[in-house]
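Scroll down for the structure; my scribbles are underneath it.
In the numbering used here, the protein residues as written are 61 to 386.
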């Protein structure tokens, strides 16, 4: 069998597909079926001109940092609530052992890493993505109790990368300033109304969850609406009640907005947004909806390894170009 040759487009040499692991894996269907479409924007990220350019990746890294850290901090909160329920059922030694393992967080880390390790990415990418998951699991219980630490740390990472990379895309700076204004406003809101409804936390939670479910089920295109509403309303619930669970859940929606910014800056449509607008399918509405859910579940499940894999492919492509130039 012959080997594929490098091609040239607009004077730029593109390495053969075997040089790009995530392209090959997506095209040969080694990812689960529902993740193949999610690989489409990733394949665009894997070109040597775009994969590691600052305005393409640093909002994505910020998104990953915020999302994974907040997920495991939320699991720590849920673990504490779970332990209060099972405390009467356990003796002191068993309770201390179960409490020290952070059971919900540990089960999540093991199961998530198991899924990532089964991906077709190179072993180094799989191991690094699993290491990110376990770093969040072991680090979350030792982080400061104030959720703002994660929020501001992620934003500080964004600013550091901004200063380091100095991207030419002005939208990057505009969105950075916008998120900075949001953090500034939330900080002052907490000074003015912090803990105002601390005693009515259960009522606030019921109202918030009802609003989120109604927005998700009644809206024809809920992606943008629920991201904005969840990021703002859950943050306000945290300020009013002081319950950290609200803050960590709001970070999930805030991370969605940051990921959306990444797509806007790179002028690449998000996979779920593209699926919502796709009217070409002949499938029934129910089948199409189930397919969209499967795509999104796959995307969020495989995202850590997809991001690491994208960078691996980009580095391989740059090394290939450097060897050709030499």
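Every residue, glycine too, gets a C-beta built ideally from N, C-alpha and C. These numbers come from a predicted model, not from an experiment.
Cβ-based neighbour list, residue i, same chain, cut-off 7 Å, excluding 5 preceding and 5 following
i, result
"residue 291", "310, 313, 314 and 317"
"residue 264", "257, 297, 300 and 301"
"residue 305", "134 and 137"
"residue 253", "299 and 300"
"residue 361", "175"
"residue 149", "none"
"residue 187", "none"
Rounded separation between residue i and residue j - CA only
i, j, result
"residue 235", "residue 245", "15 Å"
"residue 210", "residue 217", "10 Å"
"residue 237", "residue 163", "39 Å"
"residue 261", "residue 180", "45 Å"
"residue 125", "residue 319", "12 Å"
"residue 189", "residue 367", "9 Å"
"residue 129", "residue 200", "7 Å"
"residue 248", "residue 242", "10 Å"
"residue 372", "residue 185", "7 Å"
"residue 212", "residue 221", "14 Å"
"residue 308", "residue 342", "39 Å"
"residue 271", "residue 182", "42 Å"
"residue 293", "residue 267", "11 Å"
"residue 250", "residue 295", "10 Å"
"residue 350", "residue 154", "42 Å"
"residue 219", "residue 327", "21 Å"
"residue 142", "residue 346", "36 Å"
"residue 232", "residue 224", "13 Å"
"residue 359", "residue 151", "41 Å"
"residue 139", "residue 177", "25 Å"
"residue 283", "residue 289", "10 Å"
"residue 160", "residue 364", "26 Å"
"residue 204", "residue 171", "26 Å"
"residue 157", "residue 144", "14 Å"
"residue 191", "residue 355", "24 Å"
"residue 425", "residue 259", "One cannot answer for residue 425 here, as it falls past the ends of the chain, which runs 61 to 386."
Close Cβ partners of residue i (< 6 Å) along its chain, the five nearest in sequence each way excluded
i, result
"residue 256", "300"
"residue 93", "Per-residue confidence for residue 93 stands at a pLDDT of 45, beneath the threshold of 50, marking its modelled position as unreliable; the derived number appears in the next sentence. No residues qualify anywhere along the chain."
"residue 214", "122, 125 and 126"
"residue 100", "Its pLDDT being 38, under 50, residue 100 is placed unreliably by the model, and the measurement read from it follows with that caveat. Closer than 6 Å at the Cβ level, and outside the excluded window around residue 100, lies no residue."
"residue 239", "none"
Own chain residues within Cβ distance below 8 Å of residue i, not counting five before or after
i, result
"residue 269", "none"
"residue 194", "169 and 173"
"residue 286", "272, 275, 276, 279 and 313"
"residue 207", "130, 133, 298, 304, 307, 308 and 311"
"residue 147", "155"
"residue 120", "319, 322 and 367"
Cβ-Cβ separation, residue j to residue i (assumed contact under 8 Å), whole Å
i, j, result
"residue 166", "residue 197", "7 Å"
"residue 374", "residue 123", "The pair is not a contact, with the Cβ atoms about 18 Å apart (cut-off 8 Å)."
"residue 324", "residue 229", "Going by Cβ atoms, the distance from residue 324 to residue 229 rounds to 10 Å, so no, they are not a contact pair."
Closer than 8 Å: residue i CB and nearest the ligand ADP heavy atom
i, result
"residue 137", "Summarising the ligand content, the structure contains no ligands, and the ligand ADP is consequently not present."
At 4 residues or longer, what runs of the alpha helix (DSSP H) sit wholly inside the stretch 145-185? 152-161 and 163-177
Length-filtered (4 minimum) alpha helix (DSSP H) runs lying within the stretch 238-318: 261-278 and 282-301
Going along the chain, which unbroken runs of the alpha helix (DSSP H) with 4 or more residues stay wholly within the stretch 198-239? 208-225
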